[in-house]
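**Q** Quick note, the sequences are listed as chains U and D, same order. If you use the numbering used here, the first sequence corresponds to residues 1 to 225, in order. If you use the numbering used here, the second sequence corresponds to residues 226 to 450, in order. For each residue, glycine too, the CB sits at the ideal point set by N, CA and C. The model shown is predicted, which means the values in this text are computed figures rather than measured ones.
There are 2 protein chains.
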Amino acid sequence: MTPVPPPRDETELLARARRLAGLSLGDLARSLDEAVPADLRRHKGWVGQLIERALGATANSLAAPDFEAIGVELKTLPVDARGLPRESTYVCTVPLESAGEDWEHSWLRRKLARVLWLPVQAEKTIPLAERRIGSALLWSPAPDEEALLRRDWEELTERILLGELEQISARHGEVLQIRPKAADSRALRHAVGVDGERILTNPRGYYLRAAFTAAILQRHFVLPG
Amino acid sequence: MTPVPPPRDETELLARARRLAGLSLGDLARSLDEAVPADLRRHKGWVGQLIERALGATANSLAAPDFEAIGVELKTLPVDARGLPRESTYVCTVPLESAGEDWEHSWLRRKLARVLWLPVQAEKTIPLAERRIGSALLWSPAPDEEALLRRDWEELTERILLGELEQISARHGEVLQIRPKAADSRALRHAVGVDGERILTNPRGYYLRAAFTAAILQRHFVLPG
DNA sequence: AGGGATCCATGATTGGATCCCA
DNA sequence: TGGGATCCAATCATGGATCCCT
Numbered sequence: 001m002t003p004v005p006p007p008r009d010e011t012e013l014l015a016r017a018r019r020l021a022g023l024s025l026g027d028l029a030r031s032l033d034e035a036v037p038a039d040l041r042r043h044k045g046w047v048g049q050l051i052e053r054a055l056g057a058t059a060n061s062l063a064a065p066d067f068e069a070i071g072v073e074l075k076t077l078p079v080d081a082r083g084l085p086r087e088s089t090y091v092c093t094v095p096l097e098s099a100g101e102d103w104e105h106s107w108l109r110r111k112l113a114r115v116l117w118l119p120v121q122a123e124k125t126i127p128l129a130e131r132r133i134g135s136a137l138l139w140s141p142a143p144d145e146e147a148l149l150r151r152d153w154e155e156l157t158e159r160i161l162l163g164e165l166e167q168i169s170a171r172h173g174e175v176l177q178i179r180p181k182a183a184d185s186r187a188l189r190h191a192v193g194v195d196g197e198r199i200l201t202n203p204r205g206y207y208l209r210a211a212f213t214a215a216i217l218q219r220h221f222v223l224p225g
Numbered sequence: 226m227t228p229v230p231p232p233r234d235e236t237e238l239l240a241r242a243r244r245l246a247g248l249s250l251g252d253l254a255r256s257l258d259e260a261v262p263a264d265l266r267r268h269k270g271w272v273g274q275l276i277e278r279a280l281g282a283t284a285n286s287l288a289a290p291d292f293e294a295i296g297v298e299l300k301t302l303p304v305d306a307r308g309l310p311r312e313s314t315y316v317c318t319v320p321l322e323s324a325g326e327d328w329e330h331s332w333l334r335r336k337l338a339r340v341l342w343l344p345v346q347a348e349k350t351i352p353l354a355e356r357r358i359g360s361a362l363l364w365s366p367a368p369d370e371e372a373l374l375r376r377d378w379e380e381l382t383e384r385i386l387l388g389e390l391e392q393i394s395a396r397h398g399e400v401l402q403i404r405p406k407a408a409d410s411r412a413l414r415h416a417v418g419v420d421g422e423r424i425l426t427n428p429r430g431y432y433l434r435a436a437f438t439a440a441i442l443q444r445h446f447v448l449p450g
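Written out as structure tokens, the structure is:
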């Protein structure tokens, strides 16, 4: 199959995404000449990558948005029967040695500046190939949403700069979490300790809590129930 | 010991309650010449009844407020280390055969018209005698609080009148629940079924969800954390 | 039987761990 | 290694059951 070209603008991207609504993952995979794994246990990112290809995401350009030319990030949302997100959403890795960048210029804020949310059924009772794609939502943070993100980010960033990374758990942050992000817990990265010394620690990622992405969907769609 | 006389007015009641703040249940029990049980498993109402006696509640007058002369109900609130209620609060039994009374004249509304809330430490790690009494709060429902109670009460009452009591679970009601209230699940009372016939069912009580009583405390005290 | 409530088994949540691909 | 994420054991929440007293 010839790859899907990048969308020229947001309108084209959104139109493509809307055409996916109602489609099963099996159907979409077939149209892209892809095999469907039995389950996601050993293929956790499969759904996201399938949809990237279906929408013409720019591959292989790390540290750039999925749709580089038009500055849009793609995020699939695994949802339950009520349409509510069942998992947190990974945003980006946590810089552990960065100079003191501020919120306005933060990696996190840039990643979330413009996001195409695409809900996908994720109940384990539905075979992977039969799970359906939901209604796309092109989103930027509303002022109150950005305020929440900013507050959490600034609190977490300050603690990292103070060398307190090891004391940060996934319980911190009202809408934004810091959690391990690696192949396993033996992975190590350099960071800064309480006395300014270099230490080794697990790599971390920023994640949006499911309650936050649920609120985003809730605000834009009338959910059933 | 000579029993504590009923308080003459709310001011006297509140003053007495405030004097209890910081006191341990062991100290209070000793001053009233009472034995402290090892735990509450077989003495679930012990804390409430101890504090009734300490404050001069009118005993034995069923269907009347604890402080009958001044129209105040006493409720102890079992709280965790953060001061948050750990259990729902029983209010009154659910009338199963009553004529169609309305909210204004409901038993529930009258019970909650004026309540003296008294938080008490309830963590199982603290021996019963060492648990301390917190700061008393004399409360009447604010307009928004009453609106929530009323909405739940009216929905639940309508379902009971329609004979749908058996379909009501503790999941119904945003702030108010209906739950079993009996010595055990073999207790039976008369009620009305879907076709208007008399049926036998478990006795039920109205309970306030812990999130609701937590909001009441939150509104009046700055909680730590 | 109503009023004082808490207990506790079970379901729901989630924090930390992990998996594949390029 | 960063980006695509989900897994799942351990914890939390709570609905239904229960206990004592008068």
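Taking the straight line between their C-alpha atoms, what separation do you get for L149(U) and L217(U)?
**A** One C-alpha to the other measures close to 16 Å.
**Q** Kindly identify the DSSP beta-bridge partner or partners of L401(D).
**A** The partner list for L401(D) (beta bridge, DSSP) reads L433(D).
**Q** Should the stretch 39-49 of chain U be called in touch with the stretch 152-161 of chain U, which here means at least 3 C-beta pairs below 8 Å?
**A** Judged by Cβ distances under 8 Å, the stretch 39-49 of chain U makes no contact with the stretch 152-161 of chain U, as fewer than three pairs qualify.
**Q** DSSP on L238(D), reduced to helix/strand/coil?
**A** It is helical.
**Q** Buried or exposed for L23(U), going by 16 or more other Cβ atoms inside 10 Å?
**A** Counting Cβ neighbours within 10 Å, L23(U) comes out exposed, since fewer than 16 surround it.
**Q** If the criterion is Cβ atoms closer than 9 Å, does the pair R404(D) and S313(D) meet it?
**A** Contact: yes.
**Q** Give the single residue among A210(U), G163(U) and Q167(U) whose Cα lies nearest to the Cα of H190(U).
**A** Per the Cα distances, G163(U).
**Q** Which of the three DSSP states is assigned to L453(D) in this structure?
**A** In the structure as shown, chain D starts at 226 and stops at 450, and residue 453(D) therefore has no counterpart that could be examined.
**Q** Which value, in whole angstroms, describes the spacing of the CA atoms of A240(D) and V175(U)?
**A** Roughly 42 Å between the two C-alpha positions.
**Q** When DSSP builds the beta bridges, which residues end up paired with K300(D)?
**A** Bridge partners of K300(D): W342(D).
**Q** For the alpha helix (DSSP H) holding L50(U), just list the boundary residues, first then last.
**A** That run of the alpha helix (DSSP H) goes W46 to L55.
**Q** Can you tell me whether I199(U) is helix, strand or coil according to DSSP?
**A** If DSSP states are grouped into helix, strand and coil, I199(U) belongs with the strands.
**Q** Exposed or buried, which one is P230(D) when buried takes at least 16 other CB atoms within 10 Å?
**A** Exposed, by the Cβ-count rule.
**Q** Any idea what DSSP makes of A63(U), helix, strand or coil?
**A** Note: A63(U) maps to coil in three-state DSSP.
**Q** Would you please state the rounded distance, in angstroms, between the beta carbons of L245(D) and L238(D)? I believe it to be under 8 Å.
**A** Incorrect: roughly 11 Å between the Cβ atoms, too far for contact.
**Q** Under 8 Å, with one C-beta from each stretch per pair, do the stretch 406-423 of chain D and the stretch 332-343 of chain D reach the 3-pair mark?
**A** Not touching, per the Cβ criterion.
**Q** Where does A191(U) fall in DSSP's three states?
**A** Of the three classes helix, strand and coil, the one that applies to A191(U) here is strand, per DSSP.
**Q** Between the Cα of T93(U) and those of A17(U), P203(U), E73(U) and Q49(U), spot the shortest distance and give me the residue it belongs to.
**A** For T93(U), the nearest C-alpha among the options comes from P203(U).
**Q** Taking just the CA atoms, how far does L165(U) sit from L128(U)?
**A** Each residue's Cα considered, the two are about 37 Å apart.
**Q** So, helix, strand or coil for P143(U), using DSSP?
**A** If DSSP states are grouped into helix, strand and coil, P143(U) belongs with the helices.
**Q** In the DSSP assignment, what are the bridge partners of R132(U)?
**A** Note: R132(U) sits in a beta bridge opposite S24(U).
**Q** Taking the alpha helix (DSSP H) that L337(D) falls in, what are its first and last residues?
**A** That run of the alpha helix (DSSP H) goes W332 to L337.
**Q** I'd like the list of long-range same chain contacts for A242(D), defined as Cβ closer than 7 Å, with 5 residues on each side in sequence excluded.
**A** Correct list, in chain order: L280, L341, L343 and A361.
**Q** Nearest-angstrom Cα distance between G225(U) and Y431(D)?
**A** At G225(U) the pLDDT is 40, less than 50, meaning the model places this residue with poor confidence; the figure from the coordinates comes in the next sentence. Looking at the two C-alpha atoms, the distance is approximately 25 Å.
**Q** Going by the DSSP bridge assignment, what does P85(U) pair with across the sheet?
**A** V79(U), per the DSSP bridge assignment.
**Q** Less than 8 Å between the CB atoms is what I'm expecting for Q402(D) and R434(D), so what's the real figure, rounded?
**A** Indeed, because the Cβ distance is near 6 Å, the residues count as touching under 8 Å.
**Q** Between L32(U) and R53(U), how many whole angstroms is the CB-CB distance? I'm expecting something under 8 Å.
**A** L32(U) to R53(U), Cβ: 6 Å. Contact.
**Q** Just to confirm my understanding: we take L386(D), look at its own chain, exclude 5 residues before and 5 after, and list those with CB closer than 7 Å. What are they?
**A** So the list reads G325, once near-sequence residues are dropped.
**Q** Please classify L265(D): does DSSP put it in a helix, a strand, or coil?
**A** Reduced to three states, the DSSP call for L265(D) is coil.
**Q** Alpha carbon to alpha carbon, how far is L363(D) from E235(D)? Give it in angstroms, no decimals.
**A** Rounded to the nearest angstrom, the two C-alpha atoms are 9 Å apart.
**Q** Given a threshold of 16 other Cβ atoms within 10 Å of its Cβ, counted over all protein chains shown, does P232(D) qualify as buried or as exposed?
**A** When all chains shown are included, P232(D) counts as buried.
**Q** If you check the beta carbons only, do A122(U) and R82(U) fall under 9 Å apart?
**A** For A122(U) and R82(U), no; Cβs fall outside 9 Å.
**Q** Is the beta carbon of V417(D) sitting closer than 9 Å to the one on L302(D)?
**A** Their beta carbons are not under 9 Å apart, which means V417(D) does not touch L302(D) by this criterion.
**Q** Excluding five sequence neighbours on each side, which residues of the same chain lie with their C-beta closer than 8 Å to the C-beta of K336(D)?
**A** Answer for K336(D): P290, E298, V316 and C317, listed in chain order.
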